[in-house]
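A.B. asks: Dropping the structure in here first, questions after.
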Amino acid sequence: KAGVTQTPRYLIKTRGQQVTLSCSPISGHRSVSWYQQTPGQGLQFLFEYFSETQRNKGNFPGRFSGRQFSNSRSEMNVSTLELGDSALYLCASHYAAGGPDTQYFGPGTRLTVL
Amino acid sequence: AQKVTQAQTEISVVEKEDVTLDCVYETRDTTYYLFWYKQPPSGELVFLIRRNSFDEQNEISGRYSWNFQKSTSSFNFTITASQVVDSAVYFCALSLYGGATNKLIFGTGTLLAVQP
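In structure tokens:
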């Protein structure tokens, strides 16, 4: 079975721009979660989607948004980029929402904001 | 509030040494799940183990073993006869059961360097 795929793997943007990251979950998995990893804050939960609905959201400003499509693929968007948004963005795939699902992570998208 | 603490920021060992990575968690919930993930330099988080709060049995998988003790809120990870390929950052994480969420709360990670 193919793992979680994320595109693009690397991205360089400038302040004020917006960016869209994509995640394709493991086949059959219906939930996708996103995490931000930075040296200062570590791994932080962004949001979780199940059946095209956002089930949970972390403590991030409204500039961070996401969505999930009917095929379970997910995108996250960051508008008006700030230098502090530079991070590794990890997508995790899991079977369903709620409960003790194990999350399987993709390779991440490394975003650099100049 | 829930929290995961990995007090060891970096550990350096020589190949074939045993090493234990510590994880202490805080939660008032009685049902929860604990995880360990490995993050090699490539960046992807690799799932290692999941444990629920009702199962305190220790687990062994090859050179890896895990010791879960609810009395001390700890879920420690031991690598026996370490190898250079074990070099990575290891994360302990907590997930609560119930409700429509799978949110993982991560510790700050322990960087393990295994020298040849």
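Read top to bottom, the protein sequences are chains A and B. Sequential numbering of the first sequence, starting at 3, is according to our numbering. Sequential numbering of the second sequence, starting at 15, is according to our numbering. Every residue gets a Cβ at the ideal spot worked out from N, C-alpha and C, and that includes glycine. Since the structure is predicted, the reported quantities are computational estimates derived from the model, not experimental observations.
Could you tell me which chain B residues have their CB closer than 8 Å to the CB of A/F107, listed as they occur along the chain?
C.D. replies: Ordered by position in chain B, the residues that pass the 8 Å Cβ test against A/F107 are Y51, E58, L59, V60, F61.
A.B. asks: DSSP state of B/K84, grouped into three classes?
C.D. replies: Three-state DSSP puts B/K84 in a helix.
A.B. asks: Of the residues B/L125, B/V103, B/S87, B/S101, which one's Cα is nearest the Cα of B/C37?
C.D. replies: Ranking the options by Cα distance to B/C37, first place goes to B/S87.
A.B. asks: Excluding five sequence neighbours on each side, which residues of the same chain lie with their C-beta closer than 6 Å to the C-beta of B/I74?
C.D. replies: Nothing listed; no residue qualifies.
A.B. asks: Taking A/I14 as part of the beta strand (DSSP E), name the residues at either end of that continuous run.
C.D. replies: Looking at the DSSP string, the run of the beta strand (DSSP E) that includes A/I14 is 12-15.
A.B. asks: Less than 7 Å separating the Cβ of A/K15 from some heavy atom of the ligand MN?
C.D. replies: Looking for the ligand MN in the displayed structure turns up nothing, as the structure carries no ligands at all.
A.B. asks: Consult DSSP for A/G86 and reduce its assignment to one of helix, strand or coil.
C.D. replies: Note: A/G86 maps to helix in three-state DSSP.
A.B. asks: Using a C-beta cutoff of 8 Å, does B/K117 count as contacting chain A?
C.D. replies: So, interface residue.
A.B. asks: Name the residue from A/L92, A/G86, A/Y12, A/F62 whose alpha carbon lies nearest to the alpha carbon of A/S26.
C.D. replies: A/S26 has its Cα closest to that of A/L92, out of A/L92, A/G86, A/Y12, A/F62.
A.B. asks: By the 9 Å beta-carbon criterion, what residues does the stretch 81-108 of chain B contribute toward chain A?
C.D. replies: Answer set for the stretch 81-108 of chain B: F105, A107.
A.B. asks: Would you please verify whether the beta carbon of A/N73 is less than 8 Å from any beta carbon of chain B?
C.D. replies: No, its Cβ sits nowhere closer than 8 Å to a Cβ of chain B.
A.B. asks: Give the single residue among B/Q129, B/D69, B/F82 whose Cα lies nearest to the Cα of B/L35.
C.D. replies: Nearest of B/Q129, B/D69, B/F82 to B/L35, Cα basis: B/F82.
A.B. asks: Please give the ranges of any beta strand (DSSP E) in the stretch 32-93 of chain A, keeping only runs that are unbroken, at least 3 residues long and fully inside the region.
C.D. replies: Correct list: 33-40, 44-52, 55-59, 66-70, 76-80.
A.B. asks: State the DSSP-derived secondary structure class of B/V60, mapped to helix, strand or coil.
C.D. replies: Looking at B/V60 - three-state DSSP - the assignment turns out to be strand.
A.B. asks: Keeping to the same chain, check which residues put their C-beta closer than 6 Å to that of B/V103; ignore five residues upstream and five downstream.
C.D. replies: Q53, G123, L125, listed in sequence order.
A.B. asks: At what residues does the beta strand (DSSP E) containing A/Y97 begin and finish?
C.D. replies: A/Y97 -> no beta strand (DSSP E), and no H or E assigned at all.
A.B. asks: Who are B/S109's beta bridge partners in DSSP?
C.D. replies: In the DSSP output, where bridge partners are listed per residue, B/S109 has B/Y47.
A.B. asks: Taking only three categories from DSSP, how would you classify B/V99?
C.D. replies: Three-state result, B/V99: helix.
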